[in-house]
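What follows is a single structure, written as structure tokens, with notes after it.
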Amino acid sequence: MRIPHSFLAAAALLAGGWALPHAPAAAQQARKGTILISQAWSRATAPRAQVGAGFLTIRNTDARPDRLLSASSPRAAKVEIHTMSMDGGVMRMRPLPDGLEIPARSVATLAPGGNHLMLIGLKAPLKQGDLVPATLRFARAGTIQVQLAVAAPGAPAPSGSGGHQ
Amino acid sequence: MRGIRNRLFAPLAMGLAVAACSGPTGDGNRQSSAATASTPGGSFRLVDTKGRSVTDQTLKGKPTAMFFGFTRCPDVCPTTMNRMALLHRKLGTEGNKLNIVFVSVDPEHDKREDIASFLSMFDAPVIGLTGEPAELDKMTKAYKVYIEKVPLPNGDYTIDHTARILLFDRNGGFVETMDSHAPEPEALGQLQQLIRG
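Chains as they are written, first to last, in the working numbering: chain A, 1 to 165; chain B, 166 to 362.
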């Protein structure tokens with residue numbers, strides 16, 4: 001399993017990022033080793049905004065846990081991994097300095113209302129329809145390139161997911 | 166209607182109690198605050214994105230849906246404003262009988278231009294407000310909105326804040342709070358009731 005996946009990932013990197021042919025247009029996917037990234041998306045930001053959010057789903061098919069250590073994007077000065085919680089109606093957001101563990105044979109979701117990537121120091125606003133390149137660094141899987149598909153401002157879910165109300 | 170007022174009001178009061186503790190984040194030091202006598206609301210004096218003075222008196226005559234947030238809040242604030250814009254559209258002509266207000270709780274960063282820029286993304290006539298830090302502080306206390314500025318390791322800061330929408334009647338009287346992510350029919354019904362109230 002490992003070799004073909006690595007090969008595919010390498011081919012994808014050479015191709016400058018890819019979306020699986022059968023995936024919906026907005027469901028950005030990438031795979032490397034035993035890590036599969038899907039539903040990579042973001043939201044359009046205001047003209048003067050300096051920050052944006054990134055969301056994605058990480059599936060770990062390995063029998064061992066992996067860890068998302070850090071992320072970066074050419075569109076932002078830096079990218080942090082944040083957690084967000086609602087506690088008695090109060091929104092709290094905190095960085096996860098040690099990243100996010102992806103337990104063995106499980107799925108970790110970075111989604112609205114919870115964990116997310118925080119794009120800090122945007123070089124230009126994120127526009128709906130943009131594909132924002134991002135590099136994810138995992139402890140085991142190494143680096144994975146994804147593209148965040150930019151949905152409408154304040155969108156509760158990625159475009160075309162059927163989740164928009 | 167299911168005793169929603171009491172159920173939703175309690176967390177607001179709790180937020181205030183936590184704020185009074187001035188502890189860091191204090192998940193472990195929740196306090197009971199059943200003795201809260203006053204309801205959220207009262208006088209304030211802020212400015213809108215064009216620099217015009219807006220007070221509690223300005224808003225009277227129409228019911229008001231008020232949300233406290235900041236423009237660098239990446240998730241709850243934009244999704245809430247997006248939701249309010251959607252509800253405004255669904256209200257149709259009744260939507261014009263409602264004030265939708267966004268109060269920035271980040272006067273250090275959010276200038277009028279930043280608030281205007283933030284609100285420009287949402288297709289609804291939202292009144293964006295800011296003001297002097299002392300005035301904002303006074304208002305958020307009176308409105309029982311929990312605000313805590315939290316330094317981050319990167320040298321920046323974030324703001325913990327109440328993420329419920331406060332609903333007031335046409336006389337500025339507090340009615341109830343609304344969960345910004347409540348099911349759409351429920352939220353729409355709440356606003357319709359508020360407008361027709």
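Beta carbons are placed, not taken as given, at the ideal position from N, Cα and C, and that holds for glycine.
Nothing here was measured: the structure is a model prediction, and the numbers come from that model.
Can you look up residue i in the DSSP assignment and give me helix, strand or coil?
{"i": "Glu351 of chain B", "result": "helix"}
{"i": "Thr305 of chain B", "result": "helix"}
{"i": "Asp325 of chain B", "result": "strand"}
{"i": "Phe283 of chain B", "result": "helix"}
{"i": "Glu297 of chain B", "result": "coil"}
{"i": "Thr245 of chain B", "result": "helix"}
{"i": "Asp288 of chain B", "result": "coil"}
{"i": "Asp221 of chain B", "result": "helix"}
{"i": "Gln50 of chain A", "result": "coil"}
{"i": "Gln128 of chain A", "result": "coil"}
{"i": "Glu80 of chain A", "result": "strand"}
{"i": "Arg67 of chain A", "result": "strand"}
{"i": "Thr342 of chain B", "result": "strand"}
{"i": "Ala250 of chain B", "result": "helix"}
Take residue i as the anchor and find which of the options has the nearest alpha-carbon.
{"i": "Glu259 of chain B", "options": "B:Phe283, B:Pro239, B:Phe233, B:Ala289", "result": "B:Ala289"}
{"i": "Gly54 of chain A", "options": "A:Gly88, A:Arg48, A:Met84, A:Ala63", "result": "A:Met84"}
{"i": "Leu122 of chain A", "options": "A:Ser38, A:Ser42, A:Thr109, A:Leu110", "result": "A:Ser42"}
{"i": "Leu148 of chain A", "options": "A:Ser38, A:Ile102, A:Leu69", "result": "A:Ser38"}
{"i": "Val219 of chain B", "options": "B:Pro350, B:Arg254, B:Gly296, B:Gly234", "result": "B:Gly296"}
{"i": "Pro298 of chain B", "options": "B:Phe209, B:Ser203, B:Pro205", "result": "B:Phe209"}
{"i": "Ser70 of chain A", "options": "A:Val107, A:Ala44, A:Gln28, A:Glu101", "result": "A:Glu101"}
{"i": "Val241 of chain B", "options": "B:Leu256, B:Thr323, B:Gly226, B:Gly362", "result": "B:Thr323"}
{"i": "Ala347 of chain B", "options": "B:Leu224, B:Leu252, B:Gly207, B:Leu263", "result": "B:Leu252"}
{"i": "Gln128 of chain A", "options": "A:Gly160, A:Thr57, A:Pro65, A:Ser73", "result": "A:Gly160"}
{"i": "Thr204 of chain B", "options": "B:Phe333, B:Glu351, B:Lys262", "result": "B:Phe333"}
{"i": "Gly154 of chain A", "options": "B:Leu224, B:Lys227, B:Asn247", "result": "B:Asn247"}
{"i": "His274 of chain B", "options": "B:Asp321, B:Glu341, B:Gly354, B:Ala352", "result": "B:Asp321"}
{"i": "Thr327 of chain B", "options": "A:Val150, A:Ser73, A:Gly89", "result": "A:Gly89"}
{"i": "Ala250 of chain B", "options": "B:Gly338, B:Thr342, B:Val291", "result": "B:Val291"}
{"i": "Gly52 of chain A", "options": "B:Cys238, B:Phe267, B:Ser269, B:Val340", "result": "B:Cys238"}
{"i": "Pro318 of chain B", "options": "A:Asp98, A:Leu136, A:Gly113", "result": "A:Asp98"}
{"i": "Asn264 of chain B", "options": "B:Glu341, B:Gly207, B:Pro350, B:Thr223", "result": "B:Thr223"}
{"i": "Lys314 of chain B", "options": "B:Asp325, B:Leu356, B:Ser269", "result": "B:Asp325"}
{"i": "Lys255 of chain B", "options": "B:Leu353, B:Gln358, B:Ile360, B:Arg361", "result": "B:Leu353"}
{"i": "Met343 of chain B", "options": "B:Thr305, B:Lys276, B:Leu359, B:Asn336", "result": "B:Leu359"}
Could you check how far apart the C-beta atoms of residue i and residue j are, in whole angstroms? I think they sit under 8 angstroms.
{"i": "Leu331 of chain B", "j": "Tyr311 of chain B", "result": "At roughly 12 angstroms, the Cβ-Cβ gap does not stay under 8 angstroms, so Leu331 of chain B and Tyr311 of chain B are not in contact."}
{"i": "Lys272 of chain B", "j": "Leu301 of chain B", "result": "Here the sequence assigns Pro to residue 272 of chain B, which means Lys is not the residue at that position. So it is a contact: roughly 6 angstroms between Cβ atoms."}
{"i": "Met232 of chain B", "j": "Thr245 of chain B", "result": "Contrary to the premise, residue 232 of chain B reads as Phe rather than Met in this sequence. Between Thr245 of chain B and Phe232 of chain B the Cβ distance is about 6 angstroms, and since that is below 8 angstroms, they are a contact."}
{"i": "Ala63 of chain A", "j": "Ala124 of chain A", "result": "Not confirmed; about 42 angstroms, so no contact."}
{"i": "Ile58 of chain A", "j": "Ala108 of chain A", "result": "5 angstroms"}
{"i": "Phe267 of chain B", "j": "Gly234 of chain B", "result": "7 angstroms"}
Evaluate contact between the segment 88 to 96 of chain A and the segment 137 to 154 of chain A, counting only Cβ atoms and requiring at least three cross-stretch pairs below 8 angstroms.
-> no
Say whether the segment 266 to 283 of chain B touches the segment 208 to 217 of chain B, bearing in mind that this needs 3 or more beta-carbon pairs closer than 8 angstroms, one atom from each stretch.
-> Touching, per the Cβ criterion.
Looking at C-beta atoms only, is the number of pairs between the segment 74 to 84 of chain A and the segment 119 to 138 of chain A that lie closer than 8 angstroms three or more?
-> yes
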